[in-house]
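Sequence lines, in order, name chains H and G.
If you read the first sequence in this note's numbering, its first letter stands for residue 454, the second for the next number, and so on.
If you read the second sequence in this note's numbering, its first letter stands for residue 454, the second for the next number, and so on.
Built from N, CA and C at the ideal position, the CB exists for glycine as well.
Protein chains: 2
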Amino acid sequence: MATEILEVNVLTADALISNWQGHRRLTRRVIEAFPEDKLFAFSLGGMRPFAEMAWEFIRMAVPIVEGVATGEWKEWNEFKGTKPTTKSELLSLWDKQTTELNEKFPKIPPHRFNEEDIAFGQWKNPGIATIQYAIDNEIHHRGQGYVYLRSLGIAPPPFWERD
Amino acid sequence: MATEILEVNVLTADALISNWQGHRRLTRRVIEAFPEDKLFAFSLGGMRPFAEMAWEFIRMAVPIVEGVATGEWKEWNEFKGTKPTTKSELLSLWDKQTTELNEKFPKIPPHRFNEEDIAFGQWKNPGIATIQYAIDNEIHHRGQGYVYLRSLGIAPPPFWERD
């Protein structure tokens, strides 16, 4: 392989957070598309309802950005023990995190993106890989939410719209 | 926002193709996990069978890398008109693309990652965004394949295993 070319930098921190926030806007629309009761109760194949998946995204996003920024890995204090039980509570937490991500992401020291750390004391990866994992995990489970919506006869929001 | 920090480069071309090939190894395992008949016929909510989704990934991957590399957007010649009809044909195309991606990705001229182009004459984006879209699309639909597998009573491969 052409090693020199592979060392080229292809993504800025700005493009990364913009892409993530675009995905998060789409995930928000998927949450909104569920009828309230289905959001917390409907599932297929013994999997989790979509609210549980969204709750997982929330427990990962800001804690990961804080962990990559500071080296301290902890639960998101704001939400500790306050698992949402309604769609509006879930969306409200979602919006709070949107703001918090925009505030905290630019505080990540540049060297931390490539520095290895043990996320939540368990997963050893460079900061960029830990952040990308959070985004990929959101895309993965949101895709599952699309199947739930289709099975409920609801058209999901277009995958390619991120504004 | 702290603009200077956001201009920091966070990802090399090598990390990008490594992450993509890791996702492709996982997608290959998802294809393998389907019983032959279910791969081509099972679906939920009026969606496509997983073989159709995998066929979409194949039609995107190498053509996108070639398009970003050269500015020419075309179907993958190797597969034009040869849609696979068995699991082994699909996996054989998959493996051929794995090799082809490793050969062609390092030939992308560095400036093309940030240069805007109109992918397939339709979607205007920097090269990096077009490549990321292909990866995100694969994660999205593969997540749907996980619901199909679970609904069939089959445990999908772990999401976090990419080796």
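DSSP three-state assignment for residue i, whether helix, strand or coil
i: residue 616(H); result: coil
i: residue 480(H); result: helix
i: residue 454(H); result: Low confidence applies here, because residue 454(H) scores a pLDDT of 48, under 50, leaving its location unreliable; read the following figure in that light. If DSSP states are grouped into helix, strand and coil, residue 454(H) belongs with coil.
i: residue 496(H); result: coil
i: residue 524(G); result: coil
i: residue 583(H); result: helix
i: residue 560(G); result: helix
i: residue 552(H); result: helix
i: residue 633(G); result: Beyond the ends of chain G as shown, which are 454 and 616, falls residue 633(G); an answer cannot be given.
i: residue 404(G); result: As displayed, chain G neither begins before 454 nor continues past 616, which places residue 404(G) out of reach and without an answer.
i: residue 618(H); result: Because chain H here runs from 454 to 616, residue 618(H) falls outside it and cannot be looked at.
i: residue 512(G); result: helix
i: residue 472(G); result: helix
Residues that residue i bridges to, as DSSP identifies them
i: residue 576(G); result: 572(G)
i: residue 462(H); result: 465(G)
Member of the options whose CA lies at the smallest distance from the CA of residue i
i: residue 527(H); options: 535(H), 515(H) and 536(H); result: 515(H)
i: residue 428(H); options: 596(H), 518(H), 600(H) and 595(H); result: Chain H is shown only over 454 to 616; residue 428(H) falls outside these bounds and no answer can be derived.
i: residue 471(G); options: 584(G), 502(G) and 562(G); result: 584(G)
i: residue 495(H); options: 473(G), 600(G), 609(G) and 574(G); result: 600(G)
i: residue 537(G); options: 504(G), 613(G) and 574(G); result: 504(G)
i: residue 485(H); options: 613(H), 563(H), 543(H) and 500(H); result: 543(H)
i: residue 623(H); options: 474(G), 493(G), 564(G) and 500(G); result: The question about residue 623(H) has no answer here: the residues shown for chain H are numbered 454 through 616.
i: residue 575(H); options: 613(G), 487(G), 493(G) and 474(G); result: 613(G)
Short Cβ contact (7 angstroms threshold) for residue i with residue j
i: residue 462(G); j: residue 465(H); result: yes
i: residue 594(H); j: residue 506(H); result: yes
i: residue 498(H); j: residue 481(G); result: no
i: residue 520(G); j: residue 572(G); result: yes
i: residue 546(H); j: residue 581(H); result: no
i: residue 467(H); j: residue 459(G); result: yes
i: residue 615(G); j: residue 469(G); result: no
i: residue 483(H); j: residue 606(H); result: no
i: residue 476(H); j: residue 591(H); result: yes
i: residue 509(G); j: residue 540(G); result: no
i: residue 522(H); j: residue 491(H); result: no
i: residue 620(H); j: residue 596(G); result: This structure does not reach residue 620(H), given that chain H is present from 454 up to 616, and the question cannot be answered.
Neighbour flag for residue i against chain B, beta carbons, 7 angstroms
i: residue 570(G); result: Going by chain labels, chain B is absent from the structure shown, which instead holds the protein chains H and G.
Next item on the list: Taking only runs that begin and end inside the region 587-611 of chain H, name each unbroken beta strand (DSSP E) of 3 or more residues, in chain order.
Entry: none
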